[in-house]
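Inspection log for the structure reproduced underneath, given as structure tokens.
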Amino acid sequence: MDKVLISGGAGFIGSHMTAALLDAGHQVVVLDDLSTGKRSYLPKNENLMLVVADIRDPMSVRETFGHHPDIEQVIHFAAQSNVSVSLANPSDDAETNIIGTIHLLEEARRHDVKAFVYASSAAVYGLKNELPIAENAEKTPTSPYGVSKLSAEHYVEATGRLYGMSTGCFRFSNVFGPRQSAAPESGVISIFIHKLMNGETPVVYGDGEQTRDFIYVDDLVSGLTAFLSQAKKHEETIHSVYNLGTNIETSINKMISVIDRVLATSSVPSYRRARSGDIPFSRLDNSKMIEELAWEPLTDLEDGIRKTIAYYNKNA
Ligand SMILES: NC(=O)c1ccc[n+]([C@@H]2O[C@H](COP(=O)([O-])OP(=O)(O)OC[C@H]3O[C@@H](n4cnc5c(N)ncnc54)[C@H](O)[C@@H]3O)[C@@H](O)[C@H]2O)c1
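Now the structure itself:
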């Protein structure tokens with residue numbers, strides 16, 4: 001079984017990926033500074049090793065690979081992923097998202113890693129009038145976060161091509177599910193679930209008819225797993241960029257009504273003026289994933305929300 005390094009493996013998405021790979025019998029090294037991730041998100045498993053370290057520190061990354069020279073695959077989630085923080089402090093954002101990525105890439109290629117998966121974002125596209133957005137749409141990111149994600153994609157692919165390492169850059173839509181933080185600026189679904197479960201009034205910026213493409217975390221994990229299997233099967237190295245979303249647009253009002261239905265509540269949101277820079281409509285074309293990786297999202301919004309609420313009920 002392969003040894004896989006997962007940066008940010010103690011975070012929301014990373015912890016689901018970690019659990020899935022352990023279940024499949026792999027050894028997993030989680031490299032995480034626990035800035036937003038938590039030890040408690042990680043399963044107890046003898047095949048799991050947690051290294052508490054910062055990807056901005058090249059020596060820590062080097063030592064981690066030095067202790068585990070047999071790492072075959074890297075999945076890179078660790079990031080500064082708060083758009084407001086990136087606007088307030090673009091150089092810190094770049095330090096983690098670009099320089100941190102380069103540190104991982106340098107060690108990965110030195111240790112002859114076979115495949116490198118990068119967690120990118122739909123933020124690389126910026127505002128788009130035509131939906132769904134395909135991978136080859138023009139990239140006009142509107143925040144330093146979007147710029148750093150796009151830039152890191154280029155480093156990932158260029159390093160892979162230079163040194164014979166397969167690479168997959170995945171532009172996630174809005175991911176949701178158990179363990180997602182409900183802090184401001186995290187996932188809108190977890191924020192609204194938290195509010196409605198606590199009897200608070202949800203605040204909607206704009207008229208609530210703006211849309212997002214919500215993907216349940218298990219579907220995202222199965223997409224990344226499908227790529228890793230494909231990269232392993234291929235004799236030649238592959239370099240791919242994929243949208244990872246559902247290609248379904250859901251308005252914020254609809255999303256609130258689904259949460260209301262599951263919780264048996266009837267919330268009355270407080271509508272405020274739309275925030276400048278907010279993307280009005282979003283939907284990712286996922287046909288490349290479906291065709292090339294024989295993948296499809298299996299969890300509908302209501303099912304996913306039900307599972308997420310069950311998690312919050314258990315962990316309140
Ligand atoms: N959640 C979404 O909807 C979404 C959408 C698009 C892209 N993404 C991307 O997916 C990835 C994972 O996001 P998430 O929602 O799970 O966020 P998260 O904050 O839950 O996970 C990030 C993890 O990285 C760790 N980390 C942060 N900075 C680090 C550093 N300098 N060194 C080591 N570890 C560090 C954190 O402790 C955390 O465990 C990120 O790259 C994010 O940009 C997420």
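Taking the UniProt record's numbering, the leading residue of the sequence shown gets 1, the next gets one more, and so forth. The beta carbon of each residue, even a glycine, is placed where N, CA and C say it ideally should be. Treat the numbers as computed from the prediction; the structure is a model and nothing was measured.
Counting only the Cα atoms, K195 lies some 10 Å from S267. Within the region 52–83, the complete alpha helix (DSSP H) segments at least 4 residues long are 58–67, listed from N- to C-terminus.
Placement of the Cβ of R56 at a distance of less than 6 Å from at least one heavy atom of ligand 1 is found. By the neighbour-count criterion, in which 16 or more other beta carbons inside 10 Å mark a residue as buried, G199 falls on the exposed side. With respect to D23, Q73 sits apart: the two C-beta atoms are not nearer than 7 Å.
Rounded to the nearest whole angstrom, the CA to CA distance from G100 to Y145 is 14 Å. Scanning T211, R261, A182 for the CA closest to the CA of S173 turns up T211. Residue range 27–32 is occupied by the beta strand (DSSP E) that includes L31. By the Cβ-count criterion, T96 is buried, with 16 or more other Cβ atoms from all chains shown falling within 10 Å of its own Cβ.
At a threshold of 6 Å, G8 counts as near ligand 1, since its beta carbon sits closer than that to one of the ligand's heavy atoms. Contact between the region 276–290 and the region 235–246 is present, with at least three C-beta pairs closer than 8 Å. R179 is positioned such that its CB atom lies no closer than 7 Å to that of F77. The count of Cβ pairs closer than 8 Å, one atom from the region 252–269 and one from the region 200–220, reaches three, so the stretches are in contact.
By a beta-carbon distance limit of 8 Å, R273 contacts Y205. Their separation comes to about 7 Å. Under the three-state reduction of DSSP, K3 is assigned to strand. Rounded to whole angstroms, D300 and P280 show a C-alpha spacing of 22 Å.
Contact check for V188 and C169: beta-carbon distance about 24 Å, past the 8 Å limit, so the pair fails to qualify. Set against 6 Å, the gap from the CB of N174 to the closest heavy atom of ligand 1 is smaller.
With a threshold of 16 other beta carbon atoms within 10 Å, T159 meets it and is buried. In the three-state reduction of the DSSP assignment, T142 falls in the coil class, being assigned neither a helical nor a strand state.
Taking one beta carbon from each stretch, the region 60–72 and the region 108–128 have 3 or more pairs nearer than 8 Å; the two touch. At a Cβ-Cβ threshold of 7 Å, I259 and F192 count as neighbours. In the DSSP assignment, H239 falls within the unbroken beta strand (DSSP E) covering 239–244. At least one heavy atom of ligand 1 is found less than 6 Å from the C-beta of F12. For the options N47, E135, D54, the alpha carbon positioned closest to that of K288 is the one of E135. Where F170 is concerned, the enclosing beta strand (DSSP E) starts and stops at 166–172.
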